[in-house]
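These protein sequence lines map, in sequence, to chains A and B. Count along the first sequence from 1, add 676, and you get the number used in our numbering. Count along the second sequence from 1, add 18, and you get the number used in our numbering. Beneath this line is the structure, given in structure tokens, with notes to follow.
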Amino acid sequence: MINTLIVGEMNNGKLSENSFDLLKISDKISDQTSLVLCTTSKDNISIDEIKILPVDFIYLLKTPSLDIDNGIYDIDTYALSLLLNSKDYNLTLFSKSEYGSVVAPRVAFRNNKKYLSDCTGISLEEGLFSIERPIYGGVANAVYELSVNISPVFSIRPGLQDLDDINNNKIAEIEEMEIQFNEPHPAKMIEEYSNDSLEEIKLEDAKIIISGGRGLGNEIAFEELKKLANLLGGALGASRAACDAGWIDHSLQIGLTGKTVTPDLYISVGISGASQHLAGCSMSRNIVAINNDKDANIFNVARFGVIGDWNQIIKSFISSIEDLSLK
Amino acid sequence: MTIEIAVLAKQVLDSETPSHLFKVNADSNNLEIDDNSPPIVNGFDLNATEAALRLRDDGHEVNITVIMAGFNFVNEVIKKTLSMGADNLVLIENESLISCDSSFTVEVLSKAINKIGNFDIILAGRHASDFDNGHVPIGIAEKLKLPIITYASDIKIMDSILRIKRVIPSGYQFIESQLPCVVTVSNEIGEPRYPNLRGIMTATKKQPKIITINDLEIETPYEKEINLTKVFIPKIDLDTEYIKGDDESELGRNLAMRLKEEGLI
Chain A
677 MINTLIVGEM NNGKLSENSF DLLKISDKIS DQTSLVLCTT SKDNISIDEI
727 KILPVDFIYL LKTPSLDIDN GIYDIDTYAL SLLLNSKDYN LTLFSKSEYG
777 SVVAPRVAFR NNKKYLSDCT GISLEEGLFS IERPIYGGVA NAVYELSVNI
827 SPVFSIRPGL QDLDDINNNK IAEIEEMEIQ FNEPHPAKMI EEYSNDSLEE
877 IKLEDAKIII SGGRGLGNEI AFEELKKLAN LLGGALGASR AACDAGWIDH
927 SLQIGLTGKT VTPDLYISVG ISGASQHLAG CSMSRNIVAI NNDKDANIFN
977 VARFGVIGDW NQIIKSFISS IEDLSLK
Chain B
19 MTIEIAVLAK QVLDSETPSH LFKVNADSNN LEIDDNSPPI VNGFDLNATE
69 AALRLRDDGH EVNITVIMAG FNFVNEVIKK TLSMGADNLV LIENESLISC
119 DSSFTVEVLS KAINKIGNFD IILAGRHASD FDNGHVPIGI AEKLKLPIIT
169 YASDIKIMDS ILRIKRVIPS GYQFIESQLP CVVTVSNEIG EPRYPNLRGI
219 MTATKKQPKI ITINDLEIET PYEKEINLTK VFIPKIDLDT EYIKGDDESE
269 LGRNLAMRLK EEGLI
């Protein structure tokens, strides 16, 4: 019998989409699923809404609300470790969000559990978990096997599960626990700055993304792409090379070390297509690659390819769209 | 008072190599590069080295020790951090360190950190660009019971406190930590410096210090609980449709027409 613990994250009082992905995975391989939520007085959790989630047990760990712990997560690491030690799970799942990337390995190593991050596939056969995850920035995939007896911890890459709902006729049993945290805070979060206003449309939500890379040559070039993004009602993105060069803010970086995006249309301009960039955009429904190097890696994942000088192509592309929309 | 900084670094294959040059080595269950190009020091670990060197640039008296755990080290490669300006290099070479079970790496590096000395700051790259895990520094922090701050894009020492600018998806945070602490550094910190001639000369003369697994009183072979059973390069079956045109102006126009036809714009 497989007993799985899912570490959920809340987003505006609701379970995050990434956490729903974990429920779908657990539904396929577990006999019993528990969901744990670390909540503070700031989260407005509606018991009526969460008790119909497709899980058997829900643990609400009521933790002190301390902004100084944001990004460090000493309190949640402590609280989740308490729960993990008081129950017997075969598997603990986190989403590979910013939160999961930090808390999952902290909880795993604190409790001497084996850990794999950013898993894209998980199956169960004869007492073994078989795990698939990309390596070398997505150049290759690796398959691992671990015994269910060692109760591993995995973080799961967001956005890969299908859209089907889970059939649910369960009413979850809910248990609330007050967590006292009296340990010191050797590291404290002092200030937080959000650049969200930079993006009129959030990259993660955009249906169309125009993304620029090293091939653009300078920061002024991004103004042309911005113009195109505005025209199409899309968002502007960039490769790591363009961000590292200082041409555009790092919050627009797409790739393994930036954002993962899944638009209907991804127009890449002057991007060579390093694997770590493709890791963030290859889930797009349609990729258009504009590049003057016909051998650029980006063409391997592109549905439409345009070989030539990006500057001239984009200028003509923009004026053609303006003409087309007048008709 | 000298501030002791450890930088944890890994030798990896360059994941920015064009992907068609990678192939799977079935014996080692790992990738290799077709044209035998040399490995590199993981790029994020060079970012971490750069962060350490900038603390020296800020006027602090620092002693920077780079610790590398791995196997089959290439001499010219591992000396890169010394030529950038790091003071000491410590190597721990053992075949078990290329295992996919990184809890062994965590144990080895934690014990090495304790053995070498009293570090005030332990820096590492945000992840190694071969297996992309990013949990070794976090595991070490847990093992040594030290604060862990991830994804630093800037580090400053203020009195006896470290002030870290931390990258988050929507922007950034400032985090202040007591010493000692573990910090992972991200590419947002900016390009690592190029070694100058003097740096290269100094590095040539320096000999790395070797620590063995036995020195750390760790038993080998390590019994691993994670088995890497297969590595494969996924096939991409996609027929790219190349837009035709006599010049760039026509290419741009035809692209617009084609995307309109498909209802994509």
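Every residue, glycine too, gets a C-beta built ideally from N, C-alpha and C.
Near Leu115(B), what residues of its chain come up, given a Cβ to Cβ distance below 8 Å and the 5 sequence neighbours on each side ignored?
-> The beta carbon of Leu115(B) sits closer than 8 Å to those of Ala87, Gly88, Phe89, Phe122, Thr123 and Val126, all from its chain and outside the five residues before and after it, given in chain order.
How many whole angstroms separate the CB atoms of Asn817(A) and Phe250(B), which I take to be in contact at a CB cut-off of 8 Å?
-> 6 Å
Shortest alpha-carbon distance to Thr796(A) belongs to which of Ile924(A), Asp920(A), Ile701(A) and Arg916(A)?
-> Ile701(A)
CB contact check: Tyr754(A) to chain B, cutoff 8 Å = no
Bridge partners - Ile167(B), DSSP secondary structure assignment | According to DSSP, Ile167(B) bridges with Val201(B).
Cβ-based burial, Arg833(A) [other Cβ within 10 Å; buried from 16] | Classification for Arg833(A): buried.
State buried or exposed for Gln952(A), treating a residue as buried only when at least 16 other CB atoms are found within 10 Å of its CB.
-> If you draw a 10 Å sphere on the C-beta of Gln952(A), you find 16 or more other C-beta atoms in it, and that means buried.
Burial state of Pro239(B) (16 or more Cβ within 10 Å) = exposed
Neighbour list for Asn845(A) in chain B, Cβ cutoff strictly below 9 Å = Going along chain B, no residue has its Cβ under 9 Å from Asn845(A), so there is no contact; the nearest lies around 36 Å.
Just the Cα atoms here: how many angstroms apart are Asn843(A) and Ile726(A)?
-> 15 Å
So what does DSSP say about Asn106(B), is it helix, strand or coil?
-> strand
Looking at the unbroken beta strand (DSSP E) that takes in Lys41(B), where does it start and where does it end?
-> Phe40 to Asn43
Within 10 angstroms of its Cβ, does Val92(B) collect 16 or more other Cβ (buried), or is it exposed?
-> exposed
Examine chain A for any beta-carbon lying closer than 8 Å to the beta-carbon of Asn54(B), and answer yes or no.
-> no
Bridge partner(s) assigned by DSSP for Val819(A) = Glu808(A) and Lys248(B)
Tell me which same chain residues have a C-beta within less than 8 Å of the C-beta of Gly803(A), skipping the five on either side of it?
-> Ser823, Val824 and Asn825
contact_flag[the region 969-981 of chain A, the region 939-956 of chain A] where n(CB pairs < 8 Å) is 3 or more | Output reads yes: the region 939-956 of chain A touches the region 969-981 of chain A.
Using CA coordinates, which residue listed in Ile193(B), Gly189(B) and Gly157(B) is at the minimum distance from His861(A)?
-> Ile193(B)
How would you write the range of the beta strand (DSSP E) that Glu268(B) sits in, first residue to last?
-> No beta strand (DSSP E) holds Glu268(B); the alpha helix (DSSP H) holding it covers Glu266 to Glu279.
Extent of the continuous alpha helix (DSSP H) to which Asp697(A) belongs | Glu693 to Ile705
Does the Cβ of Thr938(A) have 16 or more other Cβ atoms within 10 Å, making it buried, or fewer, making it exposed?
-> buried
Use the C-beta contact count for Tyr754(A): other C-beta atoms within 10 angstroms, 16 or more gives buried, fewer gives exposed.
-> buried
Closest residue to Arg782(A) among Leu164(B), Thr35(B), Met275(B) and Thr247(B) (Cα-Cα distance) | Leu164(B)
Roughly how many whole angstroms lie between the Cα atoms of Glu94(B) and Thr222(B)?
-> 9 Å
Does the Cβ of Gln225(B) have 16 or more other Cβ atoms within 10 Å, making it buried, or fewer, making it exposed?
-> Answer is exposed; the Cβ neighbour count stays below 16.
With a cut-off of 8 Å, does the C-beta of Gln988(A) fall near any C-beta of chain B?
-> yes
Are Thr936(A) and Arg916(A) close, meaning C-beta to C-beta below 8 Å?
-> no
Minimum length 3: unbroken beta strand (DSSP E) runs contained in the region 123-180 of chain B = 139-143 and 166-176
Is the CB of Ser188(B) under 8 Å away from at least one CB in chain A?
-> By this cut-off, Ser188(B) is an interface position.
Can you check whether the CB of Asn967(A) is closer than 8 Å to the CB of Ile983(A)?
-> yes
Can you find at least 3 beta carbon pairs, one from the region 835-842 of chain A and one from the region 69-88 of chain B, that sit closer than 8 Å?
-> no
Please list the residues of the region 150-162 of chain B that have a C-beta atom closer than 7 Å to any C-beta atom in chain A, keeping them in chain order.
-> Asp150, Asn151, Gly152, His153, Ile156, Gly157, Glu160 and Lys161
Determine the DSSP secondary structure at Ser777(A), reduced to helix, strand or coil.
-> Ser777(A) carries a helical assignment under DSSP once its states are collapsed to helix, strand and coil.
Among Leu756(A), Leu742(A), Asn746(A) and Ala965(A), which one has its Cα closest to the Cα of Leu711(A)?
-> Leu756(A)
Pick helix, strand or coil for Leu73(B), following the three-state DSSP scheme.
-> helix
Quick one: does Phe993(A) have its CB under 8 Å from some CB of chain B?
-> With 8 Å as the cut-off, Phe993(A) counts as an interface residue toward chain B.
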